[in-house]
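Worksheet for the structure shown next.
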Amino acid sequence: MNKGFIGAIESFEVDDNWTLWQERLNQFFTINDVVNTKKAGVLITLLGKKGYELSRNLCMPANLKDKTYEELTELMKTHLEPALSEITERYNFKKCVQKESENVKSFCAKLKSLATHCNFGAELSYNLQDQFVCGIRCESTKRRLLGENDLDLEKAVRIATAMEMASKDVAGMNMSSSSSVASVNYMKKDKQEHGNSKKSVKSSSGNSSATKKCFCCGKENHKASNCRYREYSCNVCKKKGHLAYVCKNKTSNMRGNSKNMNAERSSKNAQHFVEEVGNGGHCSGDDLYCIRNEKSSDEKITIKIKVNDRLTQFEVDTGSPITVIPKKYFDKYLRHLHLSKFNRHFRSYTGDDMTPLGTIIVKIE
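If you read the sequence shown in UniProt numbering, its first letter stands for residue 1, the second for the next number, and so on.
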């Protein structure tokens, strides 16, 4: 375009939205005081190669240059944007609901876009308000909106946005104050007092080499003869007397075999074990979580819990300090929630390292 023009507008391509492009072109004409006699020429100049060819064919047998701006724009609009079925457009509008990946304002903008060709007329604001309330995904927000008097679209969007932001703020505050605590499931640490425990503490004068680790579990606050895990069977070498964490026969392919080990442990139901480890990958002091079931059972213990108004079945494992969900479940149902960082690492009974992707705050019933 001429350098004397204010602003710029790109050439039209047949794949572009004609209505939006024409609106921008009209604004361009207004700000630059383009007279009516020159509008058709500017339009033809701004049509791309395929757009020019299309407009020329639509004008046949008349000559393109003999058409006015209004005639050219009407020809292009009729061809590129044929009249839509009002019933179909209203059907699409009425079935629109908020997706899990959408925030409140994005959902409202989508509703307004779908209402463009519905021809609601004076009833537009009422239809937008009703569909916004019916289509909002959060049940608590929907109940709040249904209980409001003199509700309009602006007020509904304001309330829903405030509740959405409050939910994110609460999640952020809870995560920041509990970065070292499991956020959903709580279990007391199983600690055992020993008579002469002070003797096992390392001294700063160079006597740390005299402290020996228990070969059953790797801890330093007790002897192997007093270790509660000396009767456990290792899931790596299958020998009794130590955990997989300290097994000398542990190889690099243990992670690949963990699924088979987990299946065998599940069928025997002998014990469940998850321990928290530090950043260095070693067991941190007494942060050891465990439970032993004396009775064998082939049935898993499950419980159904409502998570954010969705009934979900969980397997109960009292040996775990956290409650976990698969990433696929999060992506499908909870992706709209704020995922906070989680600076804790865990190791399973089989020795597999587990690092959660993060934590979320959910409403459970």
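All C-beta atoms in this analysis are idealised placements derived from N, C-alpha and C, irrespective of residue type, glycine included. Just so we're clear, the structure is a prediction, and the values are computed from it rather than from any experiment.
Nearest to residue i (by Cα), restricted to the options the options
{"i": "L54", "options": "E13, I303, A83, G121", "result": "E13"}
{"i": "I6", "options": "S113, I31, F314, L25", "result": "I31"}
{"i": "N103", "options": "G172, K38, Q131, R137", "result": "R137"}
{"i": "V157", "options": "F132, K95, Y229", "result": "F132"}
{"i": "I360", "options": "Q22, G121, I325, D353", "result": "I325"}
{"i": "E100", "options": "L357, F330, T302", "result": "F330"}
{"i": "R24", "options": "D15, V35, S11, N36", "result": "S11"}
{"i": "E89", "options": "K223, T302, A115, K50", "result": "A115"}
{"i": "K328", "options": "L357, F107, M76", "result": "L357"}
{"i": "R310", "options": "K240, G51, S140, K238", "result": "S140"}
{"i": "L111", "options": "E74, N17, Q98, F29", "result": "Q98"}
{"i": "I322", "options": "V246, T355, N308, T37", "result": "T355"}
{"i": "K50", "options": "L80, D66, K238, E154", "result": "L80"}
{"i": "D150", "options": "S225, Q129, K239, G135", "result": "Q129"}
{"i": "E74", "options": "G241, T37, Q22", "result": "Q22"}
{"i": "A162", "options": "A109, D152, S113, K105", "result": "K105"}
{"i": "I9", "options": "N221, K38, T45, D15", "result": "T45"}
{"i": "S225", "options": "C234, H242, T78", "result": "H242"}
{"i": "K332", "options": "H345, G172, N308, E123", "result": "N308"}
{"i": "F107", "options": "K239, P82, C134", "result": "C134"}
DSSP state of residue i mapped onto helix, strand, coil
{"i": "M76", "result": "helix"}
{"i": "V104", "result": "helix"}
{"i": "L25", "result": "helix"}
{"i": "L47", "result": "strand"}
{"i": "V362", "result": "coil"}
{"i": "M354", "result": "strand"}
{"i": "N185", "result": "Its pLDDT being 47, under 50, N185 is placed unreliably by the model, and nothing is read from it."}
{"i": "F342", "result": "coil"}
{"i": "S233", "result": "strand"}
{"i": "K240", "result": "strand"}
{"i": "R56", "result": "helix"}
{"i": "L153", "result": "helix"}
{"i": "G121", "result": "helix"}
{"i": "I322", "result": "coil"}
{"i": "G147", "result": "coil"}
{"i": "F5", "result": "coil"}
{"i": "A162", "result": "helix"}
{"i": "D66", "result": "helix"}
{"i": "K332", "result": "helix"}
{"i": "N32", "result": "coil"}
{"i": "D169", "result": "helix"}
{"i": "L111", "result": "helix"}
{"i": "residue 366", "result": "Any property of residue 366 remains undetermined from this structure, which presents the chain solely from 1 to 365."}
{"i": "G218", "result": "coil"}
{"i": "T141", "result": "helix"}
{"i": "E81", "result": "coil"}
{"i": "V97", "result": "coil"}
{"i": "T116", "result": "coil"}
{"i": "K327", "result": "helix"}
{"i": "K248", "result": "coil"}
{"i": "K38", "result": "helix"}
{"i": "L337", "result": "coil"}
Whole-Å CB distance - residue i paired with residue j, under 8 Å assumed
{"i": "residue 417", "j": "E86", "result": "Beyond the ends of the chain as shown, which are 1 and 365, falls residue 417; an answer cannot be given."}
{"i": "L145", "j": "I159", "result": "6 Å"}
{"i": "L84", "j": "H117", "result": "5 Å"}
{"i": "T68", "j": "A40", "result": "6 Å"}
{"i": "Q313", "j": "K306", "result": "Not quite, the Cβ-Cβ distance comes to about 11 Å (not below 8 Å), so this is no contact."}
{"i": "C247", "j": "R230", "result": "Not confirmed; about 14 Å, so no contact."}
{"i": "L153", "j": "S113", "result": "The pair is not a contact, with the Cβ atoms about 14 Å apart (cut-off 8 Å)."}
Continuous beta strand (DSSP E) stretch holding residue i: start and end
{"i": "E315", "result": "310-315"}
{"i": "V307", "result": "302-307"}
Residue i at chain B interface by Cβ criterion, 8 Å
{"i": "E10", "result": "In the structure shown, chain B does not exist; there is a single protein chain."}
The alpha helix (DSSP H) enclosing residue i, as first and last residue numbers
{"i": "Q129", "result": "124-135"}
{"i": "F12", "result": "Careful: F12 lies outside any alpha helix (DSSP H) and carries neither H nor E."}
{"i": "S225", "result": "Note, S225: premise wrong, no alpha helix (DSSP H); not H, not E."}
{"i": "F93", "result": "86-94"}
Sufficient close CB pairs (3 or more, under 8 Å) joining the segment 156-176 to the segment 331-342: yes
Given 8 Å, three or more beta-carbon pairs between the segment 82-99 and the segment 51-66: no
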